[in-house]
Structures are given as structure tokens and as C-alpha cells.
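Below is one structure, written out as C-alpha cells; the observations come after it.
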Amino acid sequence: MPGYWWQCEHCLGNATFAAACNTTSICRFIRDVLMPADFNQELLLQMCAQCGDRALRITFDFPRGDPETVRLLHLVGRPQETGSPYLPMMWETYPVSDPEARWFHFNYMNDRNPYGLNRAAVFDSTSLEAIFDLFSQKTGHRPFGESV
Numbered sequence: 003m004p005g006y007w008w009q010c011e012h013c014l015g016n017a018t019f020a021a022a023c024n025t026t027s028i029c030r031f032i033r034d035v036l037m038p039a040d041f042n043q044e045l046l047l048q049m050c051a052q053c054g055d056r057a058l059r060i061t062f063d064f065p066r067g068d069p070e071t072v073r074l075l076h077l078v079g080r081p082q083e084t085g086s087p088y089l090p091m092m093w094e095t096y097p098v099s100d101p102e103a104r105w106f107h108f109n110y111m112n113d114r115n116p117y118g119l120n121r122a123a124v125f126d127s128t129s130l131e132a133i134f135d136l137f138s139q140k141t142g143h144r145p146f147g148e149s150v
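One point on numbering: in this note's numbering, the residue at position 107 of the sequence shown is 109, and numbering is uninterrupted.
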């Protein structure tokens, strides 16, 4: 599988972006599906063609000393002023080896270029507070455990 794919949490079956959500890549999914849907979190869980469960999640190998396969739980982004291609994002994931753990990634995209998905986004304190507020609004919970 290429860098990002869909994998079922139940049967571990894999699916391409084309099969799971009718797009060709993670970048197109974010720009053409999630953004127009105002980052609707329900779109991050798709139906598995192999087992029939709604348990497909975006999955990728997280590069570090010992690579770890992780699955995406939530993704929110803060589009900039109209016409700007820059999209800073916050992703909540979990390592497949420890499904109870939660990791937060701060990355970005410029238009449909995947380069920033492997780089850190930089937030000033106001923007960081805003992305956490947006995360809480879209997911219904705060990343540090308390309910909204």
C-alpha cells in the first residue's frame, strides 16, 4: 500500500482511497471531501467491503526510530483566508500496537501537496487555542480527557 491507505479495524482488510471514498489520495480526500463537509468527522469512518462493518480508517506508517502503524481518529483543519492554499491541521491518531493511546499530530498541506503531511505545522498561541477549540467542537470532546 502507498503512504496512506484505509484499513478495517475489525477484519484488517485494506482498501485504496478510490475504493473507500471515491478519491485518489489523502490530499484529495482532505481537500475535496473533508473541507467541503466542514471537517465532518463521520467521513473518517467508511464501510469495509470485506466484512461489511463501518470500520475503515485512514492508516499510515508513522516514521520514527521504530516505525509505527497508526490509524486516524479525528482530523480538523483551519483554512486560512480565502484563496490561501495553506491548511494547518491537527490529527488525533492511535498506534495500532496500543489502541488506547492517543497521539496528536500538527501538520499542514499547501493545496494538494503531501509534503507538509510529514512536517510540523507551526501555530502561534492564538491559533493553537483555536485549533483545540475547533477539535472540541467537531469531536465533542477535549483532547485532554474532559468532556465538552
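Where is the CB? At the ideal position from N, CA and C, for every residue including glycine. Just so it is clear, the structure is predicted and the values come from calculations on it, not from any experiment.
Item: Compare the beta carbon distance of R30 and L75 with 9 Å and say whether it is the shorter of the two.; Value: no
Item: According to DSSP, what are the bridge partners of E70?; Value: F64
Item: Relative to the ligand ADP, is the shortest distance from any of its heavy atoms to the C-beta of N16 smaller than 8 Å?; Value: The ligand content of the structure shown is nil, which means the ligand ADP is not present either.
Item: Would you kindly work out how many angstroms separate the C-alpha atoms of F19 and S27, rounded to a whole number?; Value: 6 Å
Item: Taking the alpha-carbon positions, what's the P38 to E70 distance?; Value: 31 Å
Item: DSSP has G79 in a bridge; who is on the other side?; Value: M91
Item: Going along the chain, which residues of its own chain have a beta-carbon closer than 7 Å to the beta-carbon of C13, five neighbours each way excluded?; Value: C50, Q52, C53
Item: What does a CB cutoff of less than 8 Å around R121 pick up in its chain, not counting 5 residues either side in sequence?; Value: N109, Y110
Item: Going by DSSP, which residues form a beta bridge with P97?; Value: V72
Item: With distances taken between CB atoms, is the gap from V72 to M91 smaller than 9 Å?; Value: no
Item: With a cut-off of 8 Å on the beta carbons, I'd call C10 and D63 a contact; round off their distance for me.; Value: That pair is no contact at about 17 Å.
Item: Measure the beta-carbon distance from R80 to S127 and round it to whole angstroms, keeping in mind my assumption that it falls under 8 Å.; Value: Incorrect: roughly 14 Å between the Cβ atoms, too far for contact.
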